[in-house]
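Heads up: the sequence shown begins at 4 in the working numbering, then just goes up one per residue. Cβ atoms here follow ideal geometry from the backbone N, Cα and C, with glycine treated the same way. Source: prediction; values computed, not measured. Below is one structure, written out as structure tokens; comments come after it.
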Amino acid sequence: MSEPNLLEALKAANESPSTRLPQDTMARKTLLTELRKLNVELESPMDSIMRYVFQPHQNAMIRTAIDLGLFELVRPREKNGTGAQELAGETGAEQSLIGVCSSLQKNPVSKPDLRAENTSVRVMRVLVTMGIISEFGEQRYAATRISKTWQNPPLRDCSKDLFDESAFSLAQLPTFLKQTHYKNPSDTANGPFHAFNTYMEVQEVLLNDFNAKEEAVLLVDVGGGRGHDLEAFKEAFPHQEGRLIVQDLPDVIDDIRQPVPGVEAMKHNFFTPQPVKGARVHFFHYIFHDWPDQQCHDILQQTAAAMTKGYSRILINDWLLANQGGPMFPATMDINMMCLFASGE
Ligand SMILES: C[S@@+](CC[C@H](N)C(=O)[O-])C[C@H]1O[C@@H](n2cnc3c(N)ncnc32)[C@H](O)[C@@H]1O
Numbered sequence: 004m005s006e007p008n009l010l011e012a013l014k015a016a017n018e019s020p021s022t023r024l025p026q027d028t029m030a031r032k033t034l035l036t037e038l039r040k041l042n043v044e045l046e047s048p049m050d051s052i053m054r055y056v057f058q059p060h061q062n063a064m065i066r067t068a069i070d071l072g073l074f075e076l077v078r079p080r081e082k083n084g085t086g087a088q089e090l091a092g093e094t095g096a097e098q099s100l101i102g103v104c105s106s107l108q109k110n111p112v113s114k115p116d117l118r119a120e121n122t123s124v125r126v127m128r129v130l131v132t133m134g135i136i137s138e139f140g141e142q143r144y145a146a147t148r149i150s151k152t153w154q155n156p157p158l159r160d161c162s163k164d165l166f167d168e169s170a171f172s173l174a175q176l177p178t179f180l181k182q183t184h185y186k187n188p189s190d191t192a193n194g195p196f197h198a199f200n201t202y203m204e205v206q207e208v209l210l211n212d213f214n215a216k217e218e219a220v221l222l223v224d225v226g227g228g229r230g231h232d233l234e235a236f237k238e239a240f241p242h243q244e245g246r247l248i249v250q251d252l253p254d255v256i257d258d259i260r261q262p263v264p265g266v267e268a269m270k271h272n273f274f275t276p277q278p279v280k281g282a283r284v285h286f287f288h289y290i291f292h293d294w295p296d297q298q299c300h301d302i303l304q305q306t307a308a309a310m311t312k313g314y315s316r317i318l319i320n321d322w323l324l325a326n327q328g329g330p331m332f333p334a335t336m337d338i339n340m341m342c343l344f345a346s347g348e
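This is the structure we're talking about:
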């Protein structure tokens, strides 16, 4: 395709993404992979380098937006969006930090002493360039699919925690690796600091052979937090028999404010003997990536001792990293786990 035609095709796709872009997950991911390669090809090396070098700044602005509650405050375009002034009023942040200071824009020379404040869009500008917020007119912002998704409390809290826990230790990571002569971190005490398979697979692999006698446990979500995965399971399989148990540390279980109906909550430390014997499934979601191999081994041994031979299953949901051509998210998550827990994906 010639350059003008390619440009026209891309512009057309951008103008009506919902009709021009595939909705099917695989097709979407394939297209994204090609577009990312094209993006790198199209950038000059300096463009790419600048993009990489300034990524932490973008994350810092996302973290700031979460603190200020900007994703909740910015309305969709159908509701005329939200102005910088309103955002400043609601958040208590200076308008110049959020967006252009309008009095200075109209008459920049009348307040020369405040020139430093005329910093135009600062937080919002970065979010707009990232496509997280859209801009339509001066100082007016609208929510996007991304900012709306980010209003989800668990996702918002998780993004916040990830930044708070990782940012400092990531900054130390190159020094730590240098000091340890680039030895692969494996000591948790000396380190620099999720969905089920498809419906049919679950049905076939786990449910068909479930021995649904009284009191039989179908699924134990070990280290399952407050039970969100079992809640999702109940939604997907509302008529499934068998007990569902979420286990986690006492602090987490005591913190469950809204128990999921039909899900039993149990205090359990997975380094101690598994009290639920003979369950059909012990499920581990995002557990093993938190621990070095020795601890993973210990957790699995405690589980194995509670299993019924030929019947019980261990189900692990974690990332497996490809040796070649893997996607970015698990690759960077692997570094995050190395950095925080001397573990890995
Ligand atoms: C990364 S989170 C994963 C939570 C959940 N499985 C999910 O996928 O969202 C790790 C979970 O392991 C729990 N955990 C950590 N140490 C534990 C232990 N020794 N025994 C039981 N749970 C533990 C944490 O409280 C946390 O809920």
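Take S162, set aside five residues on each side of it, and the residues of its chain with a beta-carbon closer than 8 Å to its own are I65, R66, I69 and W153, in chain order.
Residue pairing for N320: DSSP places it in a beta bridge opposite H288. A Cβ-Cβ separation of about 6 Å places L233 in contact with G227 under the 8 Å criterion. Annotation: L222 to T275 spans about 19 Å, alpha carbon to alpha carbon. Assignment of L233 by DSSP, reduced to helix, strand and coil, places it in the helix class.
Between the C-alpha atoms of M133 and H60 there is a straight-line separation of about 11 Å. DSSP places D296 within a helical segment (H, G or I) once states are collapsed to three.
CA-to-CA, the gap between L247 and V266 works out to about 5 Å. Q250: member of the beta strand (DSSP E) spanning R246 to D251, first to last residue.
Around the C-beta of H271, 16 or more other C-beta atoms lie within 10 Å, and the residue is accordingly described as buried.
With fewer than 16 neighbouring CB atoms inside 10 Å of its own CB, E97 falls in the exposed class. Two segments are said to touch when three or more pairs of C-beta atoms, one from each, lie closer than 8 Å; by this definition the region 133 to 147 touches the region 68 to 86.
In the structure shown, the three-state DSSP call for T335 is helix.
Here the region 43 to 50 does not lie against the region 324 to 344, with fewer than 3 beta-carbon pairs under 8 Å apart.
For E44, the enclosing alpha helix (DSSP H) stretches over residues T28 to L45. For T94 and M127, the gap between their C-alpha atoms comes out near 13 Å. Taking the Cα of F179 as reference, the smallest distance to any Cα among Y314, C342 and L9 is reached at C342. In this structure, L209 lies near V284, with their beta-carbon atoms less than 8 Å apart.
In the three-state reduction of the DSSP assignment, D301 falls in the helix class. Ranked by Cα distance from A87, the options A174, T311 and I101 are led by I101.
In the three-state DSSP reduction, G226 falls in the coil class, being neither helix nor strand.
Going by beta carbons, P25 and L34 fall inside the 8 Å limit. At a Cβ-Cβ threshold of 8 Å, M340 and H292 count as neighbours. Assigned with DSSP and collapsed to three states, G347 falls in coil, not helix or strand.
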